[in-house]
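J.:
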Amino acid sequence: MKICVLPGDGIGQEIVDQALRVLEKVGEKFGQTFETTEALIGGCAIDAEGVPLPAETIAKCKDADAVLLGAVGGPKWDTIDPAIRPEKGLLGIRKELNLFANLRPANLFKQLADACYLRPDIVARGLDVMVVRELTGGIYFGEPRFDGEKDGERFGYNTMTYYEHEIRRIAKVAFEAARKRSGRVCSVDKANVLDVSRVWREIVIDEHKNYSDVELSHMYVDNAAMQLVRDPSQFDVIVTGNLFGDILSDAAAAITGSIGMLPSASLGEGNPGIFEPIHGSAPDIAGQDKANPLATILSVAMMLRHAFDMTDEADCIEQAVEKTLEQGYRTGDIWQEGGKAVGCVEMGNAVLENL
Ligand code: NAD
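Position in the sequence shown counted from 1, then plus 67, gives you the working numbering.
#1: In terms of alpha-carbon separation, which member of N174, A115, E216, A245 lies closest to I305?
#2: Regarding V139 and ligand 1, is the C-beta to nearest heavy atom distance less than 8 Å?
#3: With DSSP as the reference, please indicate the residues paired to E154 in a beta bridge.
#4: Which first and last residues belong to the alpha helix (DSSP H) in which V240 is found?
#5: Can you say whether L158 is buried or exposed, counting buried as having 16 or more other CB atoms within 10 angstroms of its CB?
#6: Can you tell me whether E154 sits near ligand 1, meaning its C-beta is under 8 Å from at least one heavy atom of the ligand?
#7: How big is the Cα-Cα spacing for L136 and I125?
#8: Tell me which residue opens and which closes the alpha helix (DSSP H) that F311 is part of.
#9: For K143, I'd like the list of residues in its chain whose CB is within less than 7 Å of its CB, leaving aside the five on either flank, ordered along the chain.
#10: Residue ranges of each beta strand (DSSP E) run of no fewer than 3 residues wholly in the region 116–189, ordered along the chain?
#11: State the start and end residues of the unbroken beta strand (DSSP E) segment that holds S284.
#12: Using 8 Å as the Cβ pair cut-off and three pairs as the minimum, do the region 337–357 and the region 366–376 touch?
#13: Measure the C-alpha to C-alpha separation of A20 and V196 and round it to an integer number of angstroms.
#14: Count Cβ pairs between the region 219–229 and the region 293–305 that sit closer than 8 Å; are there 3 or more?
#15: State the Cα-Cα distance for the pair D132 and G215, rounded to the nearest angstrom.
#16: Could you check the C-alpha separation between Y230 and D262 for me, to the nearest Å?
#17: Examine ligand 1 and report whether any of its heavy atoms sits within less than 8 Å of the Cβ of E343.
#18: Tell me whether R397 is buried or exposed, calling it buried when 16 or more other Cβ atoms sit within 10 Å of its Cβ.
#19: Which runs of the alpha helix (DSSP H), 4 residues or longer, sit entirely within the region 357–394?
As structure tokens, this is what we get:
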């Protein structure tokens with residue numbers, strides 16, 4: 068298995084280093100060989116090559132079976148030409164690889180329950196939701212769009228569009244993901260108002276015929292937002308369009324209260340997926356051995372599960388992370404009274420030990 072590693076900027080290198088140690092150890096344990104190659108993206112690529120996404124990086128990613136990314140950006144590049152900002156590297160590589168599905172699990176480890184923003188009785192029921200967001204269609208890309216004037220005043224619009232094939236392929240990703248979890252998919256739309264949502268719902272129902280072992284339900288997006296904070300335990304996989312998914316995935320992640328703990332995956336068809344923590348490059352703590360590497364380590368688990376179908380290996384990493392939390396190890400972002408304060412490397416050591 069070939070993995071292209073893009074550490075990026077800020078804490079990127081520190082967290083990726085720990086994740087790679089975990090990958091190597093899992094490989095040894097299960098007799099798997101992972102070949103890794105590194106490439107530049109974001110601010111470090113701008114410094115070295117003058118662009119946030121060099122052609123060599125694109126080629127190395129396309130040649131790999133999966134991509135592991137740290138984070139990009141930082142104050143050093145905040146004032147440069149917007150056309151070559153570090154974030155352009157991220158959007159560019161997602162586009163190059165045609166990654167249309169974004170998987171964002173929001174999982175609250177019981178050891179970190181105190182960090183959750185919800186009431187303890189709600190938290191007690193558990194929080195383990197996977198939001199599958201369509202990433203390359205919908206209102207963010209739909210044509211026509213307009214920003215101008217009409218009838219003597221400012222006027223603008225965007226268009227929410229979905230083709231059947233776009234809905235079908237994201238529904239497939241959600242059903243497949245549900246098979247690896249609790250087997251339930253809730254499709255979120257606004258079919259009571261939007262025509263595009265009625266098409267969405269019809270196609271999801273049709274695709275479900277190929278996944279009769281998975282339970283399918285439907286919910287309007289306004290209700291889904293409410294249910295997510297009222298009782299998230301009712302959800303397993305949520306599948307939805309680009310706009311609704313953007314909002315719901317952030318809400319689901321935020322309520323866990325631990326940004327340094329959450330991984331993500333962006334998947335396409337016939338191209339390598341990108342696996343990365345949801346947090347940024349944390350320039351305020353970069354180079355100080357303070358970063359929490361667990362989101363990146365859990366991104367490796369997602370990579371093994373979704374890119375390589377290595378369920379046992381992925382489970383093993385997730386259990387090692389859980390045990391590490393159980394033993395009280397805490398980086399600054401998740402530190403609580405009584406916890407064992409550790410840095411990035413020591414947290415990595417503890418996970419390795421538990422593997
Ligand atoms: P951020 O996620 O980098 O940091 C927000 C806060 O969370 C900071 O206080 C930071 O110290 C803390 N934090 C984040 N990850 C942590 C970790 N692993 N361990 C411990 N603490 C952690 O968001 P920001 O400050 O808004 O953005 C900083 C830079 O990152 C910006 O340049 C932004 O554009 C970029 N960014 C990149 C990505 C990405 O690469 N996917 C995502 C978001 C932001």
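Beta carbons are placed, not taken as given, at the ideal position from N, Cα and C, and that holds for glycine.
A quick note: this is a predicted structure, and the numbers were derived from the prediction, not measured.
T.: Working from what's here:
#1: Sequence index remark: in the sequence shown, residue 305 carries index 238 (1-based). The residue with the shortest Cα to Cα distance from I305 is A245.
#2: Position 72 of the sequence shown, counted from the first residue, corresponds to residue 139. For ligand 1, at least one heavy atom lies less than 8 Å from the Cβ of V139.
#3: As a first step, residue 154 must be located in the sequence shown, where it is residue number 87. Partner(s): none; E154 has no beta bridge.
#4: Start at 1 with the first residue of the sequence shown, and residue 240 comes out as number 173. Unbroken alpha helix (DSSP H) run through V240: 231–246.
#5: Mapped onto the sequence shown, residue 158 falls at position 91. Label assigned to L158: exposed.
#6: Counting from 1 along the sequence shown, the entry for residue 154 is found at position 87. It does: the Cβ of E154 is within 8 Å (strictly closer) of some heavy atom of ligand 1.
#7: Position 69 of the sequence shown, counted from the first residue, corresponds to residue 136. Position 58 of the sequence shown, counted from the first residue, corresponds to residue 125. Each residue's Cα considered, the two are about 13 Å apart.
#8: Position 244 of the sequence shown, counting from 1, holds the residue named residue 311. 309–323 is the extent of the alpha helix (DSSP H) around F311.
#9: Reading the sequence shown from its first residue, position 76 is the one you call residue 143. Answer for K143: G110, listed in chain order.
#10: 133–138, 168–174
#11: Translated into positions along the sequence shown, residue 284 becomes position 217. First-last of the beta strand (DSSP E) with S284: 282–287.
#12: yes
#13: Nothing about residue 20 can be reported from this structure: the residues present for the chain run from 68 to 422 only.
#14: no
#15: The sequence position of residue 132 within the sequence shown is 65, counting from 1. The sequence position of residue 215 within the sequence shown is 148, counting from 1. In a straight line, the C-alpha of D132 is about 44 Å away from that of G215.
#16: In the sequence shown, counting from the first residue as 1, residue 230 sits at position 163. In the sequence shown, counting from the first residue as 1, residue 262 sits at position 195. Cα-Cα distance, rounded: 12 Å.
#17: Within the sequence shown, the letter at position 276 stands for residue 343. Yes.
#18: Within the sequence shown, the letter at position 330 stands for residue 397. Flag for R397 reads buried.
#19: 361–373, 378–393
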